[in-house]
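Written below as structure tokens is the structure these notes are about.
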Amino acid sequence: MRVPLVIGNWKMTTTHVEAKDLAQQIVERLGSLHGVEVVLAPPFTSLAAVAPVLRGRGIGLGAQDVHWEDRGAFTGAISHRMLEALECTYVLVGHSERRKHFGESDHLVNRKIQAALRGGLKPVLCVGEEEQERSGGQLRAVIRRQVSQGLEGIDSGAAERLTIAYEPVWAIGTGKSAKPEDAAEAHDVIRRQLERIFGPDRSRTVRILYGGSVTGENTAGLAARAEVDGVLVGGASLDAQSFAAIVHGGWETRPITG
Ligand code: PEP
Numbered sequence: 450m451r452v453p454l455v456i457g458n459w460k461m462t463t464t465h466v467e468a469k470d471l472a473q474q475i476v477e478r479l480g481s482l483h484g485v486e487v488v489l490a491p492p493f494t495s496l497a498a499v500a501p502v503l504r505g506r507g508i509g510l511g512a513q514d515v516h517w518e519d520r521g522a523f524t525g526a527i528s529h530r531m532l533e534a535l536e537c538t539y540v541l542v543g544h545s546e547r548r549k550h551f552g553e554s555d556h557l558v559n560r561k562i563q564a565a566l567r568g569g570l571k572p573v574l575c576v577g578e579e580e581q582e583r584s585g586g587q588l589r590a591v592i593r594r595q596v597s598q599g600l601e602g603i604d605s606g607a608a609e610r611l612t613i614a615y616e617p618v619w620a621i622g623t624g625k626s627a628k629p630e631d632a633a634e635a636h637d638v639i640r641r642q643l644e645r646i647f648g649p650d651r652s653r654t655v656r657i658l659y660g661g662s663v664t665g666e667n668t669a670g671l672a673a674r675a676e677v678d679g680v681l682v683g684g685a686s687l688d689a690q691s692f693a694a695i696v697h698g699g700w701e702t703r704p705i706t707g
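When the letters of the sequence shown are read in order and numbered with the working numbering, they come out as residues 450 to 707.
Below you can see the structure in the form of structure tokens.
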């Protein structure tokens, strides 16, 4: 069973005071949730402030990154143990902004996925092509490589804790969302790759989200595609009304696929 999942990625925007306030507004707007799972991913420094607001409200807490080691001399870094102690259940790994601005390679992303799974976290592996890779006909090769290298050495038993987010780089923060049929096509490539890695049964449990300029206006078109198991939302997750419009915009009423 794949329950639709909507994740809000707040990036480097909120102080802990602002994050607590935004989380409270979102909790109030969303009310009780049916047939959809929601996760908020505030900055590291806001996690402790947001956790008590979400507790008992059916909304999960996620982090935006994790270090590849469990502990050690890595000044400034945050390990999976620290996130787990703050009630995080999800963690984004390999977001294109991490790949671009922090030089994260597929190999490093893989080590982070391994660390998250070594602990008790559910990693969300982010993949997606640059505009010129798409126009150059490399879409399939790029996302296949990111999925297979990101998941290298991961046991098929871990598949049920894994989510993939397909986020074309040209769609992130640009207002230029992928068309639902284009998202569906890329999700299909990812699904086939997951089948090769984990086998048909285990791979079926992995949710594949779309991310890139998702709004209350375009969410229904994405929810209408069976290949899309939810969305990863950046900008629109920073406003409670916009985020609620996305969550309520088709995901709750969608038949749950197996
Ligand atoms: C993201 O950061 O993962 C994202 C999808 O951002 P936006 O929704 O702003 O495009």
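Using N, Cα and C, we set each Cβ at its ideal position, and we do this for glycine too.
This structure is a prediction, so every number in the text was calculated from the model and none was measured.
Which class does A673 belong to by DSSP, given the choice of helix, strand or coil? For A673, the secondary structure class from DSSP, reduced to helix, strand or coil, is coil.
Neighbour-count burial assignment, V466, 16 or more Cβ in a 10 Å radius: Answer is exposed; the Cβ neighbour count stays below 16.
Within the segment 551 to 588, note down every full beta strand (DSSP E) run reaching 3 residues or more, in order along the chain. Listed in chain order, they are 571 to 576.
Quick one: grab the DSSP three-state call for V663. Residue state, collapsed to three classes: coil.
Shortest alpha-carbon distance to V455 belongs to which of T462, G507 and A497? When each option's Cα is compared against that of V455, the closest is G507.
Check whether A490 and A468 have beta carbons under 8 Å apart: Not in contact: A490 and A468 (Cβ atoms no closer than 8 Å).
Keeping to the same chain, check which residues put their C-beta closer than 8 Å to that of T623; ignore five residues upstream and five downstream. The beta carbon of T623 lies closer than 8 Å to those of G661 and S662 in the same chain, with the five residues before and after it left out.
Say yes only if the C-beta of E616 is nearer than 7 Å to one or more non-hydrogen atoms of the ligand PEP, and no if none qualify. E616 has its CB nearer than 7 Å to a heavy atom of the ligand PEP.
Verify whether the separation of the beta carbon atoms of Y659 and A693 is less than 8 Å. Not closer than 8 Å, so no.
Helix, strand or coil: which one does DSSP assign to E536? In the displayed model, E536 falls within coil according to three-state DSSP, outside both helix and strand.
Whole angstroms are fine: how far does the CA of P617 sit from the CA of G683? Taking the straight line joining both Cα atoms gives about 13 Å.
So, with DSSP's three-state summary, where would you put I508? If DSSP states are grouped into helix, strand and coil, I508 belongs with the strands.
Could you give the residue range of the alpha helix (DSSP H) that holds A490? Where A490 is concerned, there is no enclosing alpha helix (DSSP H), although the beta strand (DSSP E) it sits in stretches over E486 to A490.
Can you find at least 3 beta carbon pairs, one from the segment 558 to 566 and one from the segment 516 to 529, that sit closer than 8 Å? Contact check between the segment 558 to 566 and the segment 516 to 529: three or more CB pairs, one atom from each, fall below 8 Å, which counts as touching.
Does the beta-carbon distance from V488 to G505 come in below 8 Å? In this structure, G505 does not lie closer than 8 Å to V488 by Cβ.
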